[in-house]
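*Asks:*
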Amino acid sequence: MQLEAWSLRLDWYGSRIRRKHKLREEKLTHDTILILDFGSQYSQLIARRVREHHVYCRLVPCNVPFERIRALRPRGIILSGGPSSVWAPGAPTCDPAVLELGVPVLGICYGMQLLAQMAGGRVEGGHAGEYGPATIEILEDTGKMPVLPQSLARVADSAARSSEVQPSPSPLPARERGMEPPLPRRERGSQTPLPVREGVGGGLGSVPAPTCRDEEPRPRTAAAGLFAGCAPTEKVWMSHGDRVVALPAGARVTARTPTVEVAAFADPARRIYAVQFHPEVSHTPQGGRMLHNFLFDICGCRGDWTMASFIAEAVADIKQRVGADRVVCGLSGGVDSTVVATLIHRAIGDQLTCIFVDNGLLRAGEAEEVVRMARDLIGLKVDAVDAAERFLRRLAGVTDPEEKRLAIGDEFVRVFTEEAARIGGARFLAQGTLFPDLIESQSAFGGPSARIKSHHNVGGMPAWSQFTLIEPLRELFKDEVRELGRELGLPHGILHRQPFPGPGLAVRVVGEVTPSGLRILREADAIVQDEMRKWEHYGTIWQSFAVLLPVKSVGVMGDARTYDFAVAIRVVTSRDGMTADWARLPDDLLAWLSTRIINEVDGVNRVLYDISSKPPSTIEWE
56 MQLEAWSLRL DWYGSRIRRK HKLREEKLTH DTILILDFGS QYSQLIARRV
106 REHHVYCRLV PCNVPFERIR ALRPRGIILS GGPSSVWAPG APTCDPAVLE
156 LGVPVLGICY GMQLLAQMAG GRVEGGHAGE YGPATIEILE DTGKMPVLPQ
206 SLARVADSAA RSSEVQPSPS PLPARERGME PPLPRRERGS QTPLPVREGV
256 GGGLGSVPAP TCRDEEPRPR TAAAGLFAGC APTEKVWMSH GDRVVALPAG
306 ARVTARTPTV EVAAFADPAR RIYAVQFHPE VSHTPQGGRM LHNFLFDICG
356 CRGDWTMASF IAEAVADIKQ RVGADRVVCG LSGGVDSTVV ATLIHRAIGD
406 QLTCIFVDNG LLRAGEAEEV VRMARDLIGL KVDAVDAAER FLRRLAGVTD
456 PEEKRLAIGD EFVRVFTEEA ARIGGARFLA QGTLFPDLIE SQSAFGGPSA
506 RIKSHHNVGG MPAWSQFTLI EPLRELFKDE VRELGRELGL PHGILHRQPF
556 PGPGLAVRVV GEVTPSGLRI LREADAIVQD EMRKWEHYGT IWQSFAVLLP
606 VKSVGVMGDA RTYDFAVAIR VVTSRDGMTA DWARLPDDLL AWLSTRIINE
656 VDGVNRVLYD ISSKPPSTIE WE
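Residue numbers (my numbering): 56 to 677.
Below, the structure written as structure tokens:
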């Protein structure tokens, strides 16, 4: 089957699973922050930062229908950054009714520009941008107007004059084809010239509680502004080319830089807050404080989302969904599948059967180790299936990474289906799908970002399958899964195993997967694992592995010419796998790795070290 057909099929699976896994509004018992994703590389990082404050959040596509937003009853909404220009045709947007929901809205970078435009301000391109570190001046509540550069003053005066004669036309780009029809829009009023500023975030004072909530407003601090507790000047991280040149009526400039007059603005009456910089990245030292102010002082969140509460709710949900039926769970031995199996076992006990599939794509000795660990250390019921030959037959002649991943995923489901029929009564299939898997398999997510790679366990079930998916970890990050595992009582050694891809060594053999290539890769990878475990800083490593390249080169061994394969070594550091940096290994360690691999692995005469970060590269080569 051609890759295009596979992609169409995956897109169909994605729409199917989205219908199957609709947001369960009635089950949201915690304060929820909704993050509308406009395609920023930092969108997932915003979610991470929110959850670090023990506030539950969901990252959803920017074009999510307003009815779904309202049904989720969010405590606040964050508009992410994005690579587009708000004034460009077809630029991503959201339903302007979010401004009428009555909850605080925070716009970040592109989100700030979109907020300004939706509320009646103006955004322009063609100016010198800001990329990298910058210093913002936080404007105090003095009631004075800042001194503007002459060019900006002219723009502001022009905006002020035009606002006296007519309201500004709707600046929103036409809604994209296939999006939900917009709700009736409010009048956006006139623009306010830039010199107006009266406060730092403006506080909340008598602002009413969110209209989509029933409970009374929670108490806020007296200094309930976005920059409460910050110094008069702060270091931030900028990444923008466009800028806001005229504010909506009622909005105030709350921060500026030497080159950009509107680095942040607020309209407390409408509960709008916006920053041009990225508070979610570590390069904005006080970004955590700003997000804390938004979550607790402005939105009034309680910060009650913990792993203990997650377990209680997940267990109750699994029990309710499964009832008296049986569940099969694909067990790979990695952190994700082990944690999901343990969680489901806590919910339904012996109604769960774990299936370990030896697909012939595992590392040396891995099959025996995984089965022993699951049975003896955790107490799970495990059926081991030797399916190596059928997977290798399925991969014969396949060189495209997407086709390899999709073929492996399809074959896994076929094996599980056969085993479920043998077991009898299994209607559910459990998977350890994580949030980063959904991000990289973008077709199952639906946002404006491009698909990076298809994950074998993402995109729904094939049409011929009778399984219903259970994916209780699909909104968690890797470090959150480890925290969940600790709460479940799993041993440290299991929780801190390095991530291993579901397709196994198939995505570490670049090109066609063959028995001889797998033999070379297993031997080289075993050496990498052995030497890395001996290194004193091994605990700082996220992943370390070997990659077999489809490249042969000339060498000399024992005075004889060789023409053998090259092996790449990949060692990275990371916190959650969303971003990663290549590890600076000592020269002596790299030299020893090269020596051992070339001397001990037949068929290799060259070793390379991968010094690329994620992004722009991914951790796995395929």
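Cβ coordinates follow ideal geometry from the N, Cα and C atoms, glycine included.
Can you tell me whether DSSP reads E655 as helix, strand or coil?
*Replies:* Helix at E655.
*Asks:* Mapping DSSP to helix, strand and coil, what is H547?
*Replies:* The answer is helix: DSSP assigns H547 an H, G or I state.
*Asks:* Could you compute how far the alpha carbon of E242 sits from the alpha carbon of I132?
*Replies:* For E242, the predicted structure reports a pLDDT of 31, less than 50, and the residue's modelled location is therefore unreliable. A value from the coordinates is still provided. Those two C-alpha atoms are separated by around 21 Å.
*Asks:* Straight-line CA distance for L543 to G420?
*Replies:* Near 27 Å, if we compare the C-alpha coordinates of G420 and L543.
*Asks:* Across the segment 382-399 and the segment 349-361, are there enough close Cβ pairs to call them in contact, namely three or more that are closer than 8 Å?
*Replies:* Output reads no: the segment 349-361 does not touch the segment 382-399.
*Asks:* Tell me the residue span of the beta strand (DSSP E) that contains Q341.
*Replies:* That residue, Q341, is in no beta strand (DSSP E); it is neither H nor E in DSSP.
*Asks:* Which residues in the same chain have their Cβ closer than 6 Å to the Cβ of W676, if we skip the five residues on either side of it in sequence?
*Replies:* Excluding positions up to five away in sequence, the list reads V565 and V602.
*Asks:* Grab me the residues of V412's own chain with a C-beta within less than 6 Å of its C-beta, minus the 5 sequence neighbours each way, in chain order.
*Replies:* Excluding positions up to five away in sequence, the list reads V440, A442 and V470.
*Asks:* Buried or exposed for V255, going by 16 or more other Cβ atoms inside 10 Å?
*Replies:* Residue placement at V255 cannot be trusted, given a pLDDT of 30 that sits under 50; what the coordinates show is reported in the next sentence. V255 comes out buried.
*Asks:* Is it right to say R588 is buried, meaning 16 or more other beta carbons lie within 10 angstroms of its own, or is it exposed?
*Replies:* So R588 ends up on the exposed side.
*Asks:* Taking all protein chains shown into account, do 16 or more other C-beta atoms lie within 10 angstroms of the C-beta of M612, making it buried, or fewer, making it exposed?
*Replies:* By the neighbour-count rule (16 or more Cβ atoms within 10 Å), M612 is not buried but exposed.
*Asks:* Would you please state the rounded distance, in angstroms, between the beta carbons of L281 and M345? I believe it to be under 8 Å.
*Replies:* Indeed they touch by this definition, with Cβ atoms about 6 Å apart.
*Asks:* Cα separation between G175 and L302?
*Replies:* Their backbone Cα atoms lie some 7 Å apart in a straight line.
*Asks:* Any idea which residues DSSP pairs F555 with across the strands?
*Replies:* DSSP output for F555 lists no bridge partner at all.
*Asks:* Checking the sheet assignment: what are the DSSP bridge partners for L89?
*Replies:* In the DSSP output, where bridge partners are listed per residue, L89 has R113 and I132.
*Asks:* Does the distance between the C-beta of K459 and the nearest non-hydrogen atom of the ligand MN fall short of 7 Å?
*Replies:* Because no ligand of any kind appears in the structure shown, any question about the ligand MN cannot be addressed here.
*Asks:* Check the C-beta distance from W597 over to G559 and give it rounded, since I have them as a contact under 8 Å.
*Replies:* Actually they are not in contact, since the Cβ atoms of W597 and G559 sit about 18 Å apart, beyond 8 Å.
*Asks:* Over what stretch of residues does the alpha helix (DSSP H) that includes V425 continue unbroken?
*Replies:* Where V425 is concerned, the enclosing alpha helix (DSSP H) stretches over E421 to R427.
*Asks:* Short of 8 Å in beta carbon distance, which residues of its chain neighbour A422, apart from the five on each side in sequence? Order them along the chain.
*Replies:* Only F411, D413 and A439 meet the Cβ criterion.
*Asks:* Return the residue from the list I653, E185 and G487 that minimises the CA-CA distance to P313.
*Replies:* Comparing Cα-Cα distances from P313 to each of I653, E185 and G487, the minimum goes to E185.
*Asks:* I need the straight-line Cα distance from G658 to Q96, nearest angstrom please.
*Replies:* If I take the Cα positions, the gap works out to 40 Å.
*Asks:* Using DSSP bridges, identify the partner residues of I193.
*Replies:* A310.
*Asks:* For L484, tell me which candidate among K459, F349, P554 and V382 has the shortest Cα-Cα distance.
*Replies:* Closest by alpha carbon: V382.
*Asks:* Going straight from the alpha carbon of I582 to that of T190, what length do you get?
*Replies:* Each residue's alpha carbon lies about 48 Å from the other.
*Asks:* Taking the runs of the beta strand (DSSP E) that are 3 residues or longer, which of them lie wholly in the segment 603-675?
*Replies:* With a minimum length of 3 residues, the continuous beta strand (DSSP E) runs that stay inside the segment 603-675 are 615-628 and 659-664.
*Asks:* To the nearest angstrom, how far is it from the Cα of L398 to the Cα of I366?
*Replies:* Going from the Cα of L398 to the Cα of I366 covers about 7 Å.
*Asks:* Note down the Cα distance separating Y664 from I433, rounded to an integer number of angstroms.
*Replies:* Between Y664 and I433, the C-alpha separation is close to 37 Å.
*Asks:* Distance check for I327 and Q341, CA to CA, integer angstroms please.
*Replies:* The straight-line gap from Cα to Cα measures roughly 20 Å.
*Asks:* Counting C-beta neighbours from all protein chains within 10 Å, is the total for E526 16 or more, i.e. buried, or is it exposed?
*Replies:* Buried, because 16 or more other Cβ atoms sit within 10 Å of the Cβ of E526.
*Asks:* Output yes or no for whether 8 Å exceeds the beta carbon distance between D86 and V119.
*Replies:* It is not a contact, given that the beta carbons lie outside the stated cut-off.
*Asks:* Less than 8 Å between the beta carbons of R311 and L194, yes or no?
*Replies:* The answer is yes: Cβ separation under 8 Å.
*Asks:* In the DSSP assignment, find the unbroken alpha helix (DSSP H) run with S140 in it and report its ends.
*Replies:* Note, S140: premise wrong, no alpha helix (DSSP H); not H, not E.
*Asks:* Between the alpha carbons of C21 and R104, how many angstroms are there, rounded?
*Replies:* Residue 21 lies beyond the stretch modelled for the chain, which goes from 56 to 677, so this question has no answer here.
*Asks:* Could you spell out where the alpha helix (DSSP H) holding E538 opens and where it closes?
*Replies:* Start and end: K533 to E542.
*Asks:* Since E107 and M362 are thought to touch, with beta carbons under 8 Å apart, how far apart are those beta carbons, to the nearest angstrom?
*Replies:* With 8 Å as the limit, E107 and M362 do not qualify as a contact, their Cβ atoms being about 13 Å apart.
*Asks:* Assign A214 to buried or exposed, taking buried as 16 or more other Cβ atoms, counted over all protein chains shown, within 10 Å of its Cβ.
*Replies:* Note that A214 has pLDDT 39, beneath the 50 cutoff, so the model's placement of it is unreliable and the number below is only indicative. Buried is the call here.
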